[in-house]
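A short write-up of the structure that comes next.
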Amino acid sequence: MDLVLQLLFTGIGIGAVYALVALGFVLIFRATNVVNFAQGEFSMVAAYLMVVFAVDLGWPYWLSFLLALAGMALLGVIFNLGVYYPLRHRTFLPVIIATIGASILMANSVLAIYGPQPQVLQGWFETPGIQLGPVYLDSQYLLIIAVTVVMVIFNYWFFEHTMLGKKLQATSQDKEMASLLGISVSTMIMITFIYSAVLGGLAGILVAPVLFVSIQMGSTIALKAFAATIIGGFGDVAGAIIGGLALGVIETFGAAYISVPYKDGFAFLVLVLFLIFRPQGIFGERVAEKA
Amino acid sequence: MALLQINDLIVLYGEIEALRGVSLSVDEGQVVTLLGANGAGKSTTLRAISGLAKPAAGEILFDGKSIAGLGPEAIVRLGISHVPEGRRIFPGLTVKENIMLGASNRRVAKAELSREADAMFDLFPDIRQFSSSLGWTLSGGQLQMVAVARGLMAKPRLLLLDEPSLGLAPVIVQAVFRIIAQIRQDTTVLLVEQNARMGLSVADHGYVLETGRIVLGGKPDELWGNEAIAAAYLGGHAKARA
Chain A
0 MDLVLQLLFT
10 GIGIGAVYAL
20 VALGFVLIFR
30 ATNVVNFAQG
40 EFSMVAAYLM
50 VVFAVDLGWP
60 YWLSFLLALA
70 GMALLGVIFN
80 LGVYYPLRHR
90 TFLPVIIATI
100 GASILMANSV
110 LAIYGPQPQV
120 LQGWFETPGI
130 QLGPVYLDSQ
140 YLLIIAVTVV
150 MVIFNYWFFE
160 HTMLGKKLQA
170 TSQDKEMASL
180 LGISVSTMIM
190 ITFIYSAVLG
200 GLAGILVAPV
210 LFVSIQMGST
220 IALKAFAATI
230 IGGFGDVAGA
240 IIGGLALGVI
250 ETFGAAYISV
260 PYKDGFAFLV
270 LVLFLIFRPQ
280 GIFGERVAEK
290 A
Chain P
0 MALLQINDLI
10 VLYGEIEALR
20 GVSLSVDEGQ
30 VVTLLGANGA
40 GKSTTLRAIS
50 GLAKPAAGEI
60 LFDGKSIAGL
70 GPEAIVRLGI
80 SHVPEGRRIF
90 PGLTVKENIM
100 LGASNRRVAK
110 AELSREADAM
120 FDLFPDIRQF
130 SSSLGWTLSG
140 GQLQMVAVAR
150 GLMAKPRLLL
160 LDEPSLGLAP
170 VIVQAVFRII
180 AQIRQDTTVL
190 LVEQNARMGL
200 SVADHGYVLE
210 TGRIVLGGKP
220 DELWGNEAIA
230 AAYLGGHAKA
240 RA
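As you go down the protein sequences, you meet chains A and P in turn. Using numbering that gives the first Met the number 0, read the first sequence as starting at 0 and increasing by one per residue. Using numbering that gives the first Met the number 0, read the second sequence as starting at 0 and increasing by one per residue.
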């Protein structure tokens, strides 16, 4: 039982990272009808920005954190203008290919600067963790969970209780109608890219001390987050979060009870099972808004 | 000077000329009805005015200033509100949210927006009870009411209404037209209709559009006596649409 609780904690912690990235996927998908294959690279770039500021330059952690997030917001702007905007009137295919291209560009730019050697980033806290009864709560995982909870609440408030959130929803549901009402569609999409880049970056910064900071971390996280969105029900915000958490828990338990080397395999096994037996995902029934 | 003046407007969809030189004018305070069969170019005319379709040639003057080629976001800020075909209510937002978003062309604080939306329910009492229902749950007639309410939230000088009667039961159509008769007290309306009887009943002036051209224009009673109207609307080549 102790082990189960311990694994649950770790699983939710890693799942929270997938949930944040999956949320970024879903928001961009809803706004542009395109899957952003560079979503994972947002996490990777943000982790490297942390390495630049906190390790190479030796700046305070909180300052590096804020600068890295600001850098991600800027990257969101550049990404929107450079990758999405020129192709916005095309079908989804050229845009998807452009996001794949952007992802390769980002990964290789970082590779050119830092080389293939993984970098190490310290955690936020000096204390490694706290013992709570039978469960050891790693401080970095606690931080990840706390930040994710805050972001989920913020996301809900932002989309449900602000006019800007309503305009973003309107834009994702019917762009032409939104423009007829005077909503600036290109501004709404710009905001979506900035927000998604910051979410992805946040995930990357939080998970960096747990994993190594490497070129591959982006694609690994993105694949898991993508699987999470399908498990949750593609395009569904709650589904992305639940799917991400579920995936983190499943792979943690799989690694502990079945096989460690196949840890990453479990995520995709679950993905395949969902695609066969419940392709609409956990929340897939709620497609009413497309009616 | 007319509030809206269109001269020799040409709109192309690819190679096809959807509008082949349309000219019409709408004076301030009028209701002008644009009649025509399916595919005559009625919706295209409205889409060109609101900026959804780009004119290939011709003039669109609003209050004397050219608006041809401007984007829809800019045009609605000038005071032209377009309630398009199919209502286009945001399905995942509530009725009240839909109505509040109608004022996106103006800078209004959220609390004030909420008050204005509540006031809108006085004009549309039938949808008040659905204030917090999601858009997709409403019936066609209710959606039409929401669409018009949302269009009015822009406080337009000119309201473009595209086939408000489409797919509605006769009693609902009458309710919609009662509202149009009320709206005209402070807003100029350009109305597109297939239902000639209802369309002309509220109009000061009517135009008949046929395959991208205005073939007839005049006061409603002049149009009633015309054989072209009978041919276009009683001849039966206008197919019913879902």
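Positions of the beta carbon are idealized from the N, C-alpha and C atoms, including for glycine. As the structure is a prediction and not an experimental result, all values here were calculated from the model.
Distance between Gly-122 of chain A and Asp-125 of chain P (C-alpha atoms, nearest Å): Note on geometry: alpha-carbon atoms of Asp-125 of chain P and Gly-122 of chain A lie some 58 Å from one another.
Report the three-state DSSP secondary structure of Asp-220 of chain P (helix, strand or coil). Residue state, collapsed to three classes: helix.
Cα-Cα separation, Ile-144 of chain A to Ala-15 of chain A: Ile-144 of chain A and Ala-15 of chain A: Cα-Cα distance of roughly 6 Å.
DSSP state of Leu-199 of chain P, grouped into three classes? Correct three-state label for Leu-199 of chain P: helix.
Near-chain A residues of the stretch 6 to 17 of chain P (beta-carbon distance less than 8 Å), N- to C-terminal order: Listed by position, the residues of the stretch 6 to 17 of chain P near chain A (Cβ gap below 8 Å) amount to none.
What alpha helix (DSSP H) runs, 4 residues minimum, are completely inside the stretch 32 to 102 of chain P? Within the stretch 32 to 102 of chain P, the complete alpha helix (DSSP H) runs of at least 4 residues are 41 to 49, 71 to 77, 94 to 100.
Give me the Cα-Cα distance between Lys-64 of chain P and Leu-199 of chain P, rounded to the nearest whole angstrom. Separation of Lys-64 of chain P and Leu-199 of chain P (C-alpha to C-alpha, rounded to the nearest whole angstrom) is 28 Å.
Within 8 Å of any Cβ in chain P, is that where the Cβ of Ile-188 of chain A sits? It does not: the Cβ of Ile-188 of chain A has no partner Cβ on chain P nearer than 8 Å.
Taking only runs that begin and end inside the stretch 116 to 199 of chain A, name each unbroken alpha helix (DSSP H) of 4 or more residues, in chain order. Counting only runs of 4 or more, we get 138 to 160, 162 to 172, 174 to 179.
Where are the alpha helix (DSSP H) runs, 4 residues long or more, that stay fully inside the stretch 141 to 183 of chain P, in chain order? Correct list: 169 to 182.
What does Asp-173 of chain A reach in chain P if we use C-beta pairs closer than 7 Å? Going along chain P in sequence order, the residues near Asp-173 of chain A (Cβ under 7 Å) are Arg-87, Phe-89.
Just by C-beta distance, which residues in the stretch 68 to 79 of chain P are closer than 9 Å to chain A? Residues passing the 9 Å Cβ filter: Gly-70, Pro-71, Glu-72, Ala-73, Ile-74, Val-75, Arg-76.
Does Ser-209 of chain A come out as helix, strand or coil in the three-state DSSP assignment? Reading off the sequence shown, one finds Val at residue 209 of chain A, where the question assumed Ser. Val-209 of chain A carries a coil assignment under DSSP once its states are collapsed to helix, strand and coil.
In chain A, what lies closer than 8 Å to Ala-153 of chain P by C-beta? Among the residues of chain A, those whose CB is under 8 Å from the CB of Ala-153 of chain P are Leu-180, Gly-181, following chain order.
Lys-165 of chain A at chain P interface by Cβ criterion, 8 Å: Yes, Lys-165 of chain A counts as interfacial toward chain P.
So, for Thr-147 of chain A: in the same chain, excluding its five sequence neighbours on each side, which residues have a beta-carbon less than 7 Å away from its beta-carbon? Ala-15, Ala-18, Leu-19.
Leaving out the 5 sequence neighbours to the left and right, which residues in its chain are closer than 8 Å to Leu-163 of chain A when beta-carbon positions are compared? Once the five neighbours on either side are set aside, the close Cβ partners of Leu-163 of chain A are Phe-157, Ile-190.
Using a Cβ cut-off of 8 Å (strictly closer), state whether Gly-280 of chain A contacts chain P. Taking Cβ atoms only, chain P never reaches closer than 8 Å to Gly-280 of chain A, which makes this a no.
Do Ala-221 of chain A and Leu-120 of chain A have their C-beta atoms within less than 8 Å of each other? The criterion of a C-beta distance shorter than 8 Å is not satisfied by Ala-221 of chain A and Leu-120 of chain A.
Would you check if the distance between the CB atom of Met-119 of chain P and the CB atom of Leu-159 of chain P is smaller than 8 Å? In this structure, Leu-159 of chain P does not lie closer than 8 Å to Met-119 of chain P by Cβ.
For Asp-235 of chain A, the three-state DSSP class (helix, strand or coil): Looking at Asp-235 of chain A - three-state DSSP - the assignment turns out to be coil, as it is neither helix nor strand.
Got a sec? Which residues, its chain only, sit under 6 Å from Ala-266 of chain A by beta carbon, not counting five neighbours each side? Result list for Ala-266 of chain A: Lys-223, Ala-226, Leu-246, Glu-250, in chain order.
Since Leu-8 of chain P contacts Gly-57 of chain P with CB under 8 Å, what's their CB separation in whole angstroms? The C-beta distance from Leu-8 of chain P to Gly-57 of chain P rounds to 4 Å, short enough to fall under 8 Å.
Range covered by the beta strand (DSSP E) that runs through Ala-118 of chain P: Where Ala-118 of chain P is concerned, there is no enclosing beta strand (DSSP E), although the alpha helix (DSSP H) it sits in stretches over 109 to 122.
Any idea what DSSP makes of Tyr-256 of chain A, helix, strand or coil? Residue state, collapsed to three classes: helix.
Give me whichever residues DSSP pairs with Asn-194 of chain P in a beta bridge. According to DSSP, Asn-194 of chain P bridges with nothing at all.
May I ask which residues mark the beginning and end of the beta strand (DSSP E) holding Asp-7 of chain P? Note, Asp-7 of chain P: beta strand (DSSP E), 3 to 12.
Kindly indicate if chain P contains any beta-carbon less than 8 Å away from that of Ala-224 of chain A. In terms of beta-carbon proximity, Ala-224 of chain A stays away from the interface with chain P, with every pair separated by 8 Å or more.
Counting only beta-carbon separations shorter than 8 Å, does Leu-158 of chain P have a partner in chain A? Not one beta carbon of chain A lies nearer than 8 Å to the beta carbon of Leu-158 of chain P.
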